[in-house]
Structure formats: structure tokens, C-alpha cells
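**Q** Residue numbers (my numbering): 14 to 210.
Built from N, CA and C at the ideal position, the CB exists for glycine as well.
One structure, as C-alpha cells, below. Some questions next.
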Ligand SMILES: Cc1cc2nc3c(=O)[nH]c(=O)nc-3n(C[C@H](O)[C@H](O)[C@H](O)COP(=O)(O)O)c2cc1C
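Here it is as C-alpha cells:
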């Protein structure tokens, strides 16, 4: 299908202005489930080698976030042993789930017949689709992939089967800030046309 110039301009703007928005800049008020479903439908259109479609999602909203709160706390307890443990940090990790109304657990169901990198790339495309769709609907979201977000205890609490690798969470909510500006170094420094110096 050939797209009009106007459509490609709209698409480019959606890509250029997609932003990650941090937790403290989100409104904890619930968002419509249909918006989340649309995000995940967009994710499902990502490309994959051999059509493996390795993305799996578990959506935590409302009181279901309680289980995540406890899991993040427990994961931190297991990571930060002895003097590394901070009660304040423990509380931050337990409380953060309430700041965003929706937390989407990101699980990769890898097809072992493909190199893992191909599945990870396809997975990233899916999450990117979801983020683009969220932003185009005026929602803020961010992929979080730090230690507790991928911890085996947290993975267990999500209910993913043991062979599914937890690659973090996408939290989603309505932004309370003005839409942030992005920054990128120019593509020229990263692109060379063969034959040019
Ligand atoms: C695979 C992946 C993992 C990420 N993990 C984190 C994270 O753990 N914490 C965080 O603050 N941002 C994380 N981000 C978001 C990046 O910080 C963000 O994309 C980057 O700053 C560029 O900003 P933009 O998304 O607004 O263009 C992650 C992004 C990707 C693609």
C-alpha cells in the first residue's frame, strides 16, 4: 500500500515526538482499559522473523498492583543485603506502583529455533509500537528495566511461565507535565552512504 505524503508526515511526527515520561510526571488516576488494549494491539503488529510473535503482556491495574508492590519490595530485599539495604529505598520501590495507573509486565517467549537477538529485537519493536500508540493517544509511558523490574521473584509474581523472560515493565498514565521535547544527535554522524568518505 502506498501512503500519501501527508500520512507519512503524520507518522514521522508521531515517531519524532514520542517520549518516555517518568513516573513522577504521571497522574495516578485510572485510564480507560480500551486505551491499553489499543496499545497492545499496536504492539501485536510488530515484525518478527518466522512470525514467532514472542511478546507476552500481563496488565496490572487497580488493586492488582498490590502484588507488584510487594514483589518489588521483596526483590529489593533479595538484591540489597546487609548494609546495602535502605528502608527508605524499600518504601520507594513498594510505593511506586501507585504512581502509574497501569503497569504492563513485558515477557519474551523466545522461540529457540531463532537466535535470541532476533527475538529481543522483535520484542523491542512491539514495545515501541505500544509506546507510539500510547503517545498518540496523549498517554505517557516508560519502559523500566532496572534490577527489580526483571528480578526472578517479580517474574514469578507476574504469572509468566518459567520459560518466559521478564524484560521489565511499561508503566502508563496521563501526563501531568507539558509534553517533553526530545533530543537526538543528528543522523549524519551515524549514517554513511557507500562510496562517500
Ligand atoms: C530497552 C529499554 C529499557 C529502558 N529502561 C529504562 C529504565 O530502566 N529506566 C529509565 O528511566 N528509562 C528506561 N528506558 C527509557 C529511556 O531512558 C528513554 O527511551 C531514553 O531516555 C530516550 O528518551 P525518549 O524515550 O523520550 O526518546 C528504557 C528504554 C528502552 C528502549
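Under 6 angstroms Cβ to Cβ from residue 171, same chain only, skipping five residues before and after it: list those, please.
**A** Cβ neighbours of residue 171 beyond the five flanking positions: 71, 118.
**Q** Evaluate residue 178 with the Cβ neighbour count: other Cβ atoms within 10 Å of its Cβ, from every protein chain shown; 16 or more gives buried, anything less gives exposed.
**A** Classification of residue 178: buried, given that the 10 Å Cβ count is 16 or more.
**Q** Alpha carbon to alpha carbon, how far is residue 24 from residue 163? Give it in angstroms, no decimals.
**A** Whole-angstrom Cα-Cα distance: 32 angstroms.
**Q** Residue 58: beta carbon under 7 angstroms from a heavy atom of ligand 1?
**A** No; taking the cut-off as 7 angstroms, the Cβ of residue 58 has no heavy atom of ligand 1 nearer than that.
**Q** Do the stretch 61-77 and the stretch 119-134 touch if we need at least three Cβ pairs shorter than 8 angstroms?
**A** Flag = yes, the stretch 61-77 and the stretch 119-134 touch.
**Q** Taking only the alpha-carbon atoms, compute the straight-line gap between residue 31 and residue 197 and give it to the nearest angstrom.
**A** Distance between the alpha carbons of residue 31 and residue 197 is about 12 angstroms.
**Q** Any idea which residues DSSP pairs residue 32 with across the strands?
**A** DSSP lists no partner for residue 32.
**Q** Rounded to the nearest angstrom, how far is the Cβ of residue 67 from that of residue 123, given a contact under 8 angstroms?
**A** With 8 angstroms as the limit, residue 67 and residue 123 qualify as a contact, their Cβ atoms being about 6 angstroms apart.
**Q** Tell me whether residue 30 counts as near ligand 1, meaning its Cβ is closer than 7 angstroms to at least one heavy atom of that ligand.
**A** No - ligand 1 has no heavy atom lying nearer than 7 angstroms to the Cβ of residue 30.
**Q** Let me know the alpha helix (DSSP H) ranges lying completely inside the stretch 75-131, each 4 residues or longer, listed in chain order.
**A** Within the stretch 75-131, the complete alpha helix (DSSP H) runs of at least 4 residues are 78-92, 100-108.
**Q** Does DSSP classify residue 154 as helix, strand or coil?
**A** Residue state, collapsed to three classes: strand.
**Q** By the 10 Å Cβ neighbour count, where 16 or more other Cβ atoms means buried, how is residue 157 classified, buried or exposed?
**A** With 16 or more Cβ atoms within 10 Å of its Cβ, residue 157 is classed as buried.
**Q** Can you give me the C-alpha to C-alpha distance between residue 46 and residue 75, rounded to a whole angstrom?
**A** Each residue's Cα considered, the two are about 11 angstroms apart.
**Q** Tell me, to the nearest whole angstrom, how far the beta carbon of residue 161 is from that of residue 85; I am working on the premise that it is less than 8 angstroms.
**A** Confirmed, Cβ separation roughly 5 angstroms.
**Q** Buried or exposed: residue 195, going by 16 or more other Cβ atoms within 10 Å of its Cβ?
**A** Burial call: exposed.
**Q** Say yes only if the C-beta of residue 161 is nearer than 7 angstroms to one or more non-hydrogen atoms of ligand 1, and no if none qualify.
**A** No - ligand 1 has no heavy atom lying nearer than 7 angstroms to the Cβ of residue 161.
**Q** Locate the alpha helix (DSSP H) running through residue 46, then write down its first and last residues.
**A** Segment 46-56, the alpha helix (DSSP H) holding residue 46.
**Q** Buried or exposed for residue 111, going by 16 or more other Cβ atoms inside 10 Å?
**A** Label assigned to residue 111: exposed.
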